[in-house]
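Here my numbering = 1-based position in the sequence shown + 431. Data block below; observations after.
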Amino acid sequence: MLTQLRVSTVGALAAIILASACSAPADSDVVESTDAPLTSSARMARYTRIRDVAAARGLSNGYLLAGIAMDETNLAHCWSEATWACQGPPSPDCGGGPVIAGSADGPCARQQGGLGMFQFDAGRFGDTIGTYGNAVLTIDGQIALAVDYVVAMVRRSTYTTNAHTDALARDWINRFDPGNATLRDQWIKTVIRYYNGCQSSSCYGARYSTYSSGLSQVLADTGGTRFWERRGTWCPGGSAMTVGAIDAAYRALGGCGSSLGVPIKDETGAPDGVGRYSVFERGSIYWTPDTGAHEVLGRIRDAWRDTGWEAGPLGYPISGEHDVPGGRESTFEHGSITWTRATNTTAVHATPDP
Numbered sequence: 432m433l434t435q436l437r438v439s440t441v442g443a444l445a446a447i448i449l450a451s452a453c454s455a456p457a458d459s460d461v462v463e464s465t466d467a468p469l470t471s472s473a474r475m476a477r478y479t480r481i482r483d484v485a486a487a488r489g490l491s492n493g494y495l496l497a498g499i500a501m502d503e504t505n506l507a508h509c510w511s512e513a514t515w516a517c518q519g520p521p522s523p524d525c526g527g528g529p530v531i532a533g534s535a536d537g538p539c540a541r542q543q544g545g546l547g548m549f550q551f552d553a554g555r556f557g558d559t560i561g562t563y564g565n566a567v568l569t570i571d572g573q574i575a576l577a578v579d580y581v582v583a584m585v586r587r588s589t590y591t592t593n594a595h596t597d598a599l600a601r602d603w604i605n606r607f608d609p610g611n612a613t614l615r616d617q618w619i620k621t622v623i624r625y626y627n628g629c630q631s632s633s634c635y636g637a638r639y640s641t642y643s644s645g646l647s648q649v650l651a652d653t654g655g656t657r658f659w660e661r662r663g664t665w666c667p668g669g670s671a672m673t674v675g676a677i678d679a680a681y682r683a684l685g686g687c688g689s690s691l692g693v694p695i696k697d698e699t700g701a702p703d704g705v706g707r708y709s710v711f712e713r714g715s716i717y718w719t720p721d722t723g724a725h726e727v728l729g730r731i732r733d734a735w736r737d738t739g740w741e742a743g744p745l746g747y748p749i750s751g752e753h754d755v756p757g758g759r760e761s762t763f764e765h766g767s768i769t770w771t772r773a774t775n776t777t778a779v780h781a782t783p784d785p
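Structure (structure tokens):
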């Protein structure tokens, strides 16, 4: 059982390399806990919020965020959920009562602790609200801020690979495999340095253990990673589910009732290691960090297949299928394919190399 709130001293995104927050609070500042953690049902409700808000912002592996929140506050957001901590400003998500506030930066009267489930901290309470806005006082606001912060820290991290832009950082997070020891080590090291701020050997070992344990606890509570994919779309009669950016594109087209039909193959990595795609009854949706997610269907998809898919001269789609005079067309990185209604034929237009 958590006996004190350990603050991460999370600062502004522009100052992502943080001052060390590894020193233990003075004994006089520690408030002992007599409260039990959140109930299992309350935890699941909190996990669901994290999953859905993160997914709406393009992250399908929200359990990584939940692991941080588990370690920081045991998923507590309101002071009523952890009355041993300091009281922060009032929040509508706490019935007008105070959010949880950290006690590791000094006595509660100083109002210097981190705020909320993810312990955002830019100084005194007023400084934190001034930096992050009133959203930092709400559960959904905390999660949205955590998404942005985590993407930025993965991008800046010296431990992650091929994550040097926001798009690539999101892709790194969405491809994360908790069973991959190398990726897990990169993630925990990134959280310790860029979220917690620990940069000395005196705190590193303990922080590594607690952040790793927090992630393991989240996955144990939710029965693995499948729960975190449930933000996607599962259609009656289908045999697969869409998730993430591909799911967002599918739902924008009309989802289960769209021209694509129902999903028949789960999201899969393209052979080049960059793109992702899902297969439907009458087409596919392809995604890359640079091009986004776009559908390809019918005769145009057949013609693209015949050119070699994304490995062919056209590359990935950069638009969905759209109307043109006399037919339909899809645009690709290096050309287009046009379908003519009158003749039911397609024409491939590859852009010449410069």
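All residues carry an ideal CB built from backbone N, CA and C; glycine is no exception.
In this structure, the alpha-carbon of P538 lies about 33 Å from that of A485. Taking V585 as the centre and dropping the five residues before and after it, the same chain places the C-beta of T591, A594, A600, W603, I604, T621 closer than 7 Å to its C-beta, in chain order. The closest CA to that of G714, considering only D721, V727, P720, is found on V727. The alpha-carbon separation between W665 and L469 amounts to approximately 30 Å. Residue environment analysis places H780 among the exposed positions, since fewer than 16 neighbouring C-beta atoms fall within 10 angstroms of its C-beta.
Membership of T479 in the alpha helix (DSSP H) is indicated by the continuous run 471 to 487. The beta carbon of G751 sits closer than 6 Å to the beta carbons of H725, E726 from its chain, once the five residues preceding and following it are set aside; these are given in chain order. In the DSSP assignment, L728 falls within the beta strand (DSSP E) that extends over 723 to 728. Exposure of T596 is indicated by the presence of fewer than 16 other C-beta atoms within 10 angstroms of its C-beta. The three-state reading of DSSP puts R615 in helix, counting H, G and I together. Cα atoms of D524 and T589: separation of roughly 36 Å, rounded to the nearest angstrom. Judged by DSSP secondary structure, V582 falls within the alpha helix (DSSP H) whose first and last residues are 570 to 587.
By the Cβ-count criterion, T673 is buried, with 16 or more other Cβ atoms from all chains shown falling within 10 Å of its own Cβ.
Taking 9 Å as the cut-off, the Cβ atoms of W735 and F763 count as close. Here A513 really is in contact with I531; their C-beta atoms are around 5 Å apart, less than 8 Å. Where F556 is concerned, the enclosing alpha helix (DSSP H) starts and stops at 556 to 563. Considered as a whole, the segment 598 to 679 harbours 612 to 621, 632 to 652 as its complete alpha helix (DSSP H) runs of no fewer than 4 residues, in chain order.
With a cutoff of 9 Å on beta-carbon distance, L506 and R477 are scored as near each other. Collapsing the DSSP output to three states places W740 in a helix. Within the same chain, Cβ atoms closer than 7 Å to the Cβ of S511 are found at C525, G528, the five residues on either side in sequence being excluded. A straight line joining the alpha-carbon of I677 with that of I716 spans about 6 Å. In the three-state DSSP reduction, G758 falls in the strand class (E or B). DSSP lists S761, V779 as the bridge partner or partners of I768. Note on H753: under 16 other CB atoms within 10 angstroms of its CB, so exposed under the neighbour-count rule.
Counting along the chain, the unbroken beta strand (DSSP E) around Y717 starts and ends at 714 to 719. In this structure, the CA atom of S631 is about 36 Å from the CA atom of E660. Look at D697 here: in three-state DSSP terms it is strand. Our two residues, Q573 and S689, have alpha carbons roughly 34 Å apart in a direct line.
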